Every structure is written in C-alpha cells, then in structure tokens.
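K.L.:
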Amino acid sequence: MAAAAELQGKYQKLAQEYSKLRAQNQVLKKGVVDEQANSASLKEQLKMKDQSLRKLQQEMDSLTFRNQQLAKRVELLQDELALSEARGKKNKKSVESSSQLSQEQKSVFNEDLQKKIEENERLHILFFEADEQHKRLEAELRSRLEVLETDAAQHQAVVDSLTKKYTETIEKLQNDKAKLEIKSQTLEREAKDCRLRTEECQQQLKNLQAALGSRLEESLCIINEKVPFNDTRSTRYNALNVPLHNRRNQLKLRDLAGQAMAFVQELVTALLNFHTYTEQKVQIFPIDSATDIISPLNQKFSQYLHENASYVRPLEEGMLHLFESITEDTVTVLETTVKLKGFSEHLASYLGFLRKILPYQLKSLEEECESSLCTAALRARNMELHRDMKRLTAVFEKLHTYVSLLALPSTRPEGLLRTNYNFVFTNIAASLHGFHDILKDISKHYSQKAALEQEVPTATQKLITTNDCILSSVAALTNGAGKMASFFSNNLDLFTTSLSYGPKGGAEFISPLSAECMLQYKKKAAAYVKSLKKVQQSLEKIAKLEQEKEHWMLEAQLAKIKLEKENQKLKNSLSGHLTETIQERSVLPNIAEQKKETTEKSLREPIKSTSLIGMLTVTTDNEKAPDVESREDLIKTHYMARIAELTSHLQLADSKSVHFHAECRALAKRLSLAEKSKESLTEELKLASQNITRLQDELMTTKRSYEDQLSMMSDHLCSMNETLTKQREEIDTLKMASKGNSKKNKNR
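Numbering (our numbering) for the sequence shown: 146 to 893.
#1: By Cβ distance, which residues of its chain are closer than 7 Å to L173, with the 5 residues on each side in sequence left out?
#2: Do you know how far the Cα of S631 is from the Cα of G154?
#3: Taking the C-alpha atoms as reference points, what is the distance between L365 and A493?
#4: Considering R526, what are the terminal residues of the alpha helix (DSSP H) in which it resides?
#5: I need the straight-line Cα distance from D296 to Q161, nearest angstrom please.
#6: For E929, does the count of other Cβ atoms within 10 angstroms reach 16, so buried, or fall short, so exposed?
#7: Could you tell me whether the segment 583–591 touches the segment 600–608, where touching means 3 or more Cβ pairs closer than 8 Å?
#8: For A595, which residues in the same chain have their Cβ closer than 7 Å to its Cβ, ignoring the five residues on either side in sequence?
#9: Rounded to whole angstroms, what is the Cα-Cα separation between T782 and A813?
#10: Ignoring anything shorter than 4 residues, give me the alpha helix (DSSP H) runs that lie fully in the segment 560–630, in order along the chain.
#11: Taking only the alpha-carbon atoms, compute the straight-line gap between L201 and I270 and give it to the nearest angstrom.
#12: Rounded to the nearest angstrom, what separates I706 and N712 at their Cα positions?
#13: What is the rounded straight-line gap between the Cα of W697 and the Cα of Y673?
#14: Under 8 Å between the Cβ atoms of E529 and H578?
#15: Three Cβ pairs or more, each shorter than 8 Å: is that satisfied between the segment 451–459 and the segment 417–433?
#16: For H545 and T538, I'd like the C-alpha separation in whole angstroms.
#17: Please report how far the alpha carbon of I573 lies from the alpha carbon of S509, in whole angstroms.
#18: Is there contact here, the segment 315–331 with the segment 777–793, by at least three beta-carbon pairs under 8 Å?
#19: Ordered along the chain, which non-local residues of its own chain (more than five positions away) have a Cβ less than 7 Å from that of C339?
#20: Going by Cα to Cα distance, which pick from R289, T423, E294, K689 is closest to S793?
#21: Can you give the Cα-Cα distance for K801 and E345, rounded to whole angstroms?
#22: Using DSSP with H/G/I as helix, E/B as strand and the rest coil, what is L639?
#23: Please go through the same chain and pick out, in chain order, the residues whose beta-carbon is closer than 8 Å to the beta-carbon of V540, but skip the five residues on each side of it.
#24: Under 8 Å by Cβ, that's how I've got T603 and S555 pegged, so tell me the actual separation to the nearest angstrom.
#25: If contact is defined by three or more beta carbon pairs under 8 Å, each pair taking one atom from either stretch, is the segment 563–570 in contact with the segment 499–518?
#26: Tell me which residue opens and which closes the alpha helix (DSSP H) that I502 is part of.
#27: Under the three-state reduction of DSSP, which class applies to P441: helix, strand or coil?
#28: Does the Cβ-Cβ distance between L353 and C809 come in under 8 Å?
#29: Hey, would you say T520 sits closer than 8 Å to Q395, going by beta carbons?
#30: Does the distance from the CB of L496 to the CB of M534 come in under 8 Å?
#31: Pick helix, strand or coil for P459, following the three-state DSSP scheme.
#32: Just to confirm before moving on: does the CB-CB distance between L479 and L644 stay below 8 Å?
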C-alpha cells in the first residue's frame, strides 16, 4: 500500500510537471508566432524602404545626369561668351550692334542658370533629407536587429533548458519504470508466498473446523444433559446475571467523571464570585449604602444573594459523591448511578434559588433604568441584561429537566426508556452550548455596561473595581461553560454507549433492585473467584508436598535396598575366598567356563533396572524379596506418580491445543486480511501499470511534439538569421551607395 501511495504521488508530480510543460509550450508557441509576425512586418518594412531607396537612387541618378548636362551647357555658354568677347575687341561696331542680342542672350542664360541653381539647391535639400531618413532607418533597423538577436538568444536558452529538462524527466521515468518492475516482481513473489500460505492456512482451518465441530457436538451434548436451566432466555432472570466487566471502560468513565468534577468546581467558583460581586454592586450602585439608604427591593435582593453559597456549594459536593461512586470494580450504568439523583436534587435547589432571585434582579435593573444617572445607552444595556437573565434561568431549567431524566433509571426505570438515552444526552449537550452562548452575551453586554458606568460623574473607584470583578467572574463562567460544552459534545457517543449496556444476551436491566442484586452477585463472584484461587494455590502446594513425600519415600526405599545389598556383599566376600583359590589353580580356563562364571556373577549380583518396578522385582538367589505389602505400596505410589505426571502432560497438551486454536483463528483472520490486501494490491498494481503505460505514451507523444517544435523553432531561427544577414548586407550596400553618392555630390 505504501508503494502504491508513493507511485500515485510520483504520477501526480509527473502529471503536474507535464501540465506545466504544456503551459510553457503554449507560451513558447505564442512567442514564436509573435516573432514570426514581427519578422513578416519587418520584411514588409524592409521592402518598402528598399523601394523608397531605389526611387531616391533613381532620382539621384537623374539629377546627377541633369547636373552634368547643365554643367556642359554652362561650359559651352562660357566658351561662346569668351569668343564673343574676343570678337568684340576686333569689331566694336559689330559688338555695339550685336550688344543688344548678347544682352538678351545673357539674360536668358542668366535666367536658365538661376533656375538650374535653384533646382540644384532643391535637389541638394532632397538628398540631405533622404540621407537623414536613411540614417534614421538604419538606426531603427540596427536596434530592431539587436532586439531580435537578444530574443533569439533567450529563445535558444529556453529551448536548451527545456531539452535538458525533458531528457532528465525521461531518465527519471526510465529509472522509475525499472524500480516499478522490480517492485512488481517482488510483489508477484510475495503473492505466490501468500497463495502457498493461504493454502496451508485453509488446510489447517479445515482441520480445526472439523476438530471444533466434534468438540462443539460434545459440549452441546454435555450442556443438554447437564445444564438444567438457562436463565439467559428470560429477561427477568438475565437481569440478575453479572455483565461482562470492562475495566478499561470503567477507568475511562472515572477519568471523564474526574474531568467533569473539575469543570463543575470551576463553574461553582465562578458562580460564587458572580453572585457575591453582584451583591456588592447592588449595594453601591445607583445608590451607595455607605452614604445613603438603598431601596427595599435592593435590600431584599442583596439578602437573597448573600445566601448563594448554601445553594451553589452542594453542586460541587454532589459531583464529588458521584465521582467517588464510580470505581474500577463497579459496573457504572444509569441504573447503578444512585448518586446522580443527589446531584439532580442539588441542581434543583440551585434552580429554585435562581427563580427566587430572578424577579428581584429584573426589578433592580428596571429601578436602575429609572434613576437619573442612567443614560439612554446604559438603559439599553440594562434591558439587554434583563433579557439575558431570563434566558439564563430558562437554560438552567432545561439542564435540570434533562439531568433529572438521567437520574430516573436509578429510581424509576419506567420513567425513561433506554431508547431515549441518546436523545437526553444530545439535549444536555445542546443546553450546555446554549448556556455558553448566553454567558458570552452576558459578558459582552456587561462589559459595555461597565464602560458606560465609568463615564457617570458619580462613579467611584469601588464601583469600577466591583465591575472588573464581575467581568472577571463572568469571563470565568463563560470559559468554564465552553469547556463543559465541548467536553460533553466530544464524549457524547461514549456516554450513550457505556451508560446503557447490560448483561450478555439481555436487553436491559429490569429495575434498580435487580441492578443492586447484580452488583451483590458480582461481589460474591469476585470473592468466590478469589477463594477458588486460594484453593487452587493450596491444592498446588499439597500436590508439591505429596510429590516431595513420595520422592523421599522412594529415596528411603532405595537406601534400604542399597544397605541390604552391602550386607549381602559382605557375606559373599567371606564365602568367596574358597572359590578364589580354586580359580587361581586353574591357569587357562576355557571360554565356556568364563561364560559360566559371568552368568553366576550376574545371578549373584542384582540386575539394575531403570524403572522402579524392575528394581523391586529383580533379585538374586541369595537375596530375600520384599514382602507383598511393601511391594504393592511401592507399585501404587509409582503408578500414582505416573498418573499425576500424565495428567500434568494432558493439561499442558490442552493448554497448547487452546493456544493453537487461538493462533489458528488469528491466522484465519490474517489470511482473510491478506486476501483482501492482495486483491487491493492487485487492483492497485493494475492501475499502476495502466498509469505507467499511459504516462509512457504521453511522454512519447510530448517528446515527439517537442522535438517537432524544436526542429520548427530551429528552422525558423535559421531563416530569421538568414533574413537578418540579408538585411545587414542590403543595409551595408545601401550605406556604401549612399556614401558614394554623398562623395559625388560633395565633389560636384
């Protein structure tokens, strides 16, 4: 499962990276399209500029040709003028006669020359403007070229980074694929092992089922024959049975009761402080009792508030008694929690106290509103507190109602059905949350009221201190109520389930008397189990002592037999001197004689046997066998010891079989869990393989698409570089042509 989770996480990361790369691809596509559009527009502009340059070049060529013609004509005119001057020296008359004609020709020539000069100036101006425009166009194209080169470098860097990233991701995916293949192989091997184990466990389970079926039949026969009465069939009799004792549940309930007692103690302290400081506030505002006489209503209200401890303290005592009644040995249910009735009564007495002081509290607030010191804002806060106090008493009435319902099963079980336990606990939790909300409103409104009372001109330091104390007590009340509400809501299910269980096989406890009888039976059963343990310990001690006694008796018998043997050996040693002299005379006894001697020795000496019966029964010819009675006693003790040993082995075998049965049940459960996990793992493996193939296909497609895009981008960049080189060459040619034209014009 952890490997599948890791695979799924890796696949999610790859999918996220793939989506990011797709987004980057879209951006790059858009950038390439934009650059293509820019390059197309630049090409159009270059074409336009080339056309304009060609027109200007043609104009320049025509102007230069016209200037050359005009220059030749001026030279011809100057030559003609020189000739005419030379002729004038020879013939003054002819000059005078032709002076009029020459002046007219000069005037015509001057006019033509002036026109040519003006046209030449105009052409020079046009040429200068064209040169400036060419320089400006050249600067713009250079800046454009630099921008395009930087963009091309950036695009190339992005393309390089993307190719590097794609190669890294492909290598990573290949490594992950290899790891996954290894994991799949290991999982297949584990699946094979699990199949073998499941087959073995199934065989063991069949054997166990057969054995347990036979034992179940035997036990059912014994129950049908030996058990005369089954009290679990009747709810009235079953209610007297002791339910299964859940020690952990009891400890949990005791812990919860301790927490509830701490919360109740906190609430009791806060309530005492709240009532006490409210009494002080009544005596100092709106009229201070130290300087003036307060109203009879406030006097009575103060007198009742002074008695708050006699109503609030019993709540803590009742909760303490309830906590002490929940111990580890008891069975804590609603039918056995008798002390809950006392707590309910104390809560009822406190509710009566609240009902008694409520009208005085409301009238005191109304009287405070009628005072001349009370402003409109303060009157509004007092009316809000007026409503809050009514709601507070109503919430305590609800709490008392539901707590009294919970106390009914220990006194009158017919007053509250077991099916309504959950409803009562839920309403208690809701009432506690309502109590917390009301206290928050009281804290909010009282803090506003205290702030307004500080602005009253007659406000004293004593009033301010008392208001601060009341606010702190209300804050403590709010905090304690919030803790109690959250505590009850968090443990609502535990209260519902643990406070409503009964004997095994029965629906419920019949009555508190039956619950009390059940607890007595439980104590008797515990005492009986303790006595059985003591009897068992004493029996074990007696068995050990009997075994030691038998051991020492056997030791004494063996010592007695050894003593008799030693005495017999002494007698045989005295009678054996004669046989030894005879044996010394025979030098080389044959094999048959040696065999006879060995058999005689074996007959003379007792044969040692490992068993006690063999030691008692085997004797020699010269020994006297023990009498019949001692032999029977020894045989009896031997067989008794053997029976005890066999019974101990039988008990050990029974315990081992029970342990084996439990292990087989655990193995069967583990087998079912292993099958479920195997199925889930196979499904996850299928999904993982499908995801791997899908991701591989996607990677191949993305790889191909990015390779195509990279090739397209490289081709586009190459074409852009070619166009840029062409543009540079054209610009260089234009520069050279413009420089040549400018030089020619300067020379002219």
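Even for Gly, the Cβ is constructed at its ideal location relative to N, Cα and C. A quick note: this is a predicted structure, and the numbers were derived from the prediction, not measured.
P.N.:
Quick answer:
#1: Once the five neighbours on either side are set aside, the close Cβ partners of L173 are V303.
#2: Straight-line measurement puts the Cα of S631 at about 37 Å from the Cα of G154.
#3: Rounded to the nearest angstrom, the two C-alpha atoms are 55 Å apart.
#4: Counting along the chain, the alpha helix (DSSP H) containing R526 begins and ends at 521–552.
#5: Approximately 28 Å, taken between the alpha carbons.
#6: Summary: the structure shown does not reach residue 929, with the chain confined to residues 146 through 893, and so no result is reported for it.
#7: No: fewer than three Cβ pairs fall under 8 Å.
#8: If we look at A595 and ignore the five residues flanking it on each side, its Cβ neighbours are N612, L616.
#9: Their Cα atoms are separated by approximately 46 Å.
#10: Counting only runs of 4 or more, we get 566–599.
#11: Between the C-alpha atoms of L201 and I270 there is a straight-line separation of about 13 Å.
#12: Distance from the CA atom of I706 to the CA atom of N712, rounded to whole angstroms, is 10 Å.
#13: Roughly 36 Å between the two C-alpha positions.
#14: Not closer than 8 Å, so no.
#15: Touching, yes, given that three or more Cβ pairs across the two stretches are closer than 8 Å.
#16: Computed Cα separation, rounded: 11 Å.
#17: Distance between the alpha carbons of I573 and S509: 31 Å.
#18: No, the segment 315–331 does not touch the segment 777–793.
#19: Residues of the same chain with a CB within less than 7 Å of the CB of C339, apart from the 5 flanking positions on each side, are A819, K823 in chain order.
#20: Of the residues R289, T423, E294, K689, the one whose Cα lies closest to the Cα of S793 is K689.
#21: Taking the CA atoms as reference points, K801 sits about 20 Å from E345.
#22: Helix, per DSSP.
#23: A distance below 8 Å between beta-carbons, with the five flanking residues on each side excluded, links V540 to the following residues of its chain, in chain order: S576, G579, F580, I583.
#24: Taking C-beta atoms under 8 Å as the contact rule, T603 and S555 fail to qualify, at a distance of about 55 Å.
#25: With the cut-off at 8 Å, the segment 499–518 and the segment 563–570 do not touch.
#26: Counting along the chain, the alpha helix (DSSP H) containing I502 begins and ends at 484–514.
#27: Helix at P441.
#28: With a cutoff of 8 Å on beta-carbon distance, L353 and C809 are scored as near each other.
#29: No, Cβ-Cβ distance for T520 and Q395 is not below 8 Å.
#30: No, Cβ-Cβ distance for L496 and M534 is not below 8 Å.
#31: DSSP, read as helix, strand or coil, puts P459 in helix.
#32: Taking 8 Å as the Cβ cut-off, L479 and L644 qualify as a contacting pair.
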